[in-house]
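**Student:** One structure follows; several queries about it will come next.
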């Protein structure tokens with residue numbers, strides 16, 4: 001993590017970008033510490049891709065301040081220096097289909113002053129044994145692993161990952177996550193975009209949610225939007241012959257599926273009272289579950305894509321609703 005006085009790996013301050021009358025990015029600000037995995041979450045069209053393209057030097061900004069490894073990516077004078085220090089895993093990477101896997105990785109290794117070993121990188125992305133296969137013969141998941149290899153071959157200080165595990169099967173996804181964690185442990189900074197809330201939960205030290213060109217929430221996956229302060233929901237089937245008035249804690253009337261809901265800030269105490277009550281009556285609390293809003297729940301509320309019922313106060317506060 002960044003310590004006081006140490007420059008951040010990425011600095012974005014009041015970033016703005018419009019396409020004609022359409023404001024794609026409207027005052028986005030965030031920082032990414034050295035050695036951190038930072039995830040940008042948001043629906044399609046929210047401004048994530050434009051923000052990344054500005055950071056990567058592919059697109060000019062209209063206003064605001066941007067720093068990537070202490071350099072301004074819009075400055076042509078630093079373009080080569082910056083490219084030698086960053087790795088890119090984009091959604092679409094143009095790769096020569098008639099080259100082999102090894103030829104492709106070796107060619108890109110020649111673009112960097114101190115690349116990683118070609119065979120080591122091929123092994124890291126689980127393509128060992130595929131070195132002599134032509135790119136056109138690879139499956140979609142294998143091509144995505146090759147994209148990841150090309151992002152790693154230059155031994156970058158900062159790695160941009162745009163939907164890195166799209167098309168991966170569960171085993172390949174877990175292997176990629178393990179590799180990304182190892183890169184972070186070795187000191188690589190990672191800026192990640194993903195539509196997978198599980199991926200963000202598993203990998204990110206911090207996340208920022210972008211909606212309609214603005215950052216609407218930022219924090220750790222466990223605390224985003226007040227998740228760590230959210231009231232728990234205990235749900236169960238009301239025992240036959242009982243009403244909610246019989247329960248030792250306040251509960252809503254049965255909803256979909258015939259389950260009642262208890263909302264509480266003290267789930268341990270509420271569960272103790274409920275189970276003690278059930279044991280005393282000789283009845284069962286069938287289907288009982290205890291949950292707090294997931295990262296996906298929070299994301300859907302913050303981006304306005306959740307169902308209208310059950311909008312917790314902590315989410316309404318975080319989203320300004």
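Residue numbers (UniProt numbering): 1 to 321.
Every residue, glycine too, gets a C-beta built ideally from N, C-alpha and C.
According to DSSP, which residues form a beta bridge with residue 18?
**Tutor:** Per DSSP, 23.
**Student:** Could you tell me whether the Cβ of residue 87 comes closer than 8 Å to any Cβ of chain B?
**Tutor:** Absence of chain B from the displayed structure is noted, only one protein chain being present.
**Student:** With 16 as the cutoff for other CB atoms within 10 Å, does residue 56 come out buried or exposed?
**Tutor:** Classified as buried, residue 56 has 16 or more neighbouring CB atoms from the shown chains inside 10 Å of its CB.
**Student:** With contact counted as at least three CB pairs below 8 Å, one residue from each stretch, are the segment 273–286 and the segment 247–260 in contact?
**Tutor:** yes
**Student:** For residue 208, does the three-state DSSP call read helix, strand or coil?
**Tutor:** strand
**Student:** Measuring CB to CB, does residue 25 end up less than 8 Å from residue 68?
**Tutor:** no
**Student:** Starting from residue 301 and walking both ways along the alpha helix (DSSP H), at which residues does that stretch end?
**Tutor:** 295–302
**Student:** The beta strand (DSSP E) spanning residue 162 covers which residue range?
**Tutor:** 158–162
**Student:** Which residue spans inside the segment 166–199 form an unbroken alpha helix (DSSP H) run of at least 4?
**Tutor:** Taking only runs of at least 4 residues, the alpha helix (DSSP H) segments lying wholly in the segment 166–199 are 170–185.
**Student:** Beta-carbon within less than 6 Å of residue 220's beta-carbon, same chain only, minus the 5 sequence neighbours each way: which residues are those?
**Tutor:** 206
**Student:** What's the C-alpha gap between residue 140 and residue 101?
**Tutor:** 14 Å
**Student:** So, are the CB atoms of residue 83 and residue 74 less than 8 Å apart?
**Tutor:** no
**Student:** Pull up the CB-CB distance for residue 233 and residue 261, whole angstroms please, since I reckon it's below 8 Å.
**Tutor:** Right, their Cβ atoms sit about 6 Å apart.
**Student:** Taking Cβ positions, are residue 195 and residue 163 nearer each other than 8 Å?
**Tutor:** yes
**Student:** At 4 residues or longer, what runs of the alpha helix (DSSP H) sit wholly inside the segment 19–66?
**Tutor:** 48–55
**Student:** Where does residue 90 fall in DSSP's three states?
**Tutor:** coil
**Student:** What are the start and end residues of the beta strand (DSSP E) that includes residue 263?
**Tutor:** 259–264
**Student:** Using the Cβ count rule (16 or more neighbours within 10 Å means buried), how would you classify residue 76?
**Tutor:** So residue 76 counts as exposed.
**Student:** Let me know the secondary structure DSSP gives residue 136 once reduced to three states.
**Tutor:** In the three-state reduction of the DSSP assignment, residue 136 falls in the helix class.
**Student:** Do residue 189 and residue 150 have their beta-carbon atoms positioned less than 8 Å apart in this structure?
**Tutor:** no
**Student:** Apart from the five residues just before and just after residue 126, which ones in its own chain have a Cβ nearer than 7 Å to its Cβ?
**Tutor:** 145, 172, 175
**Student:** May I ask you to verify whether the segment 40–57 touches the segment 207–215, counting CB pairs closer than 8 Å and requiring at least 3?
**Tutor:** yes
**Student:** Keeping to the same chain, check which residues put their C-beta closer than 6 Å to that of residue 59; ignore five residues upstream and five downstream.
**Tutor:** 53
**Student:** If you measure between the beta carbons of residue 253 and residue 264, is that distance less than 8 Å?
**Tutor:** no
**Student:** Quick check on DSSP: helix, strand or coil for residue 220?
**Tutor:** coil
**Student:** Applying the 10 Å Cβ sphere with the 16-neighbour rule, what's the burial state of residue 235?
**Tutor:** buried
**Student:** Give me, in chain order, the residues of the same chain whose beta-carbon lies closer than 7 Å to that of residue 98; leave out the 5 immediate sequence neighbours on both sides.
**Tutor:** 134, 136
**Student:** If you count every other CB in all the chains shown that lies within 10 Å of the CB of residue 155, and 16 or more means buried, which is it?
**Tutor:** buried
**Student:** Just confirm the distance between the C-beta atoms of residue 28 and residue 215, as a whole number of angstroms; I'd bet it's less than 8 Å.
**Tutor:** 6 Å
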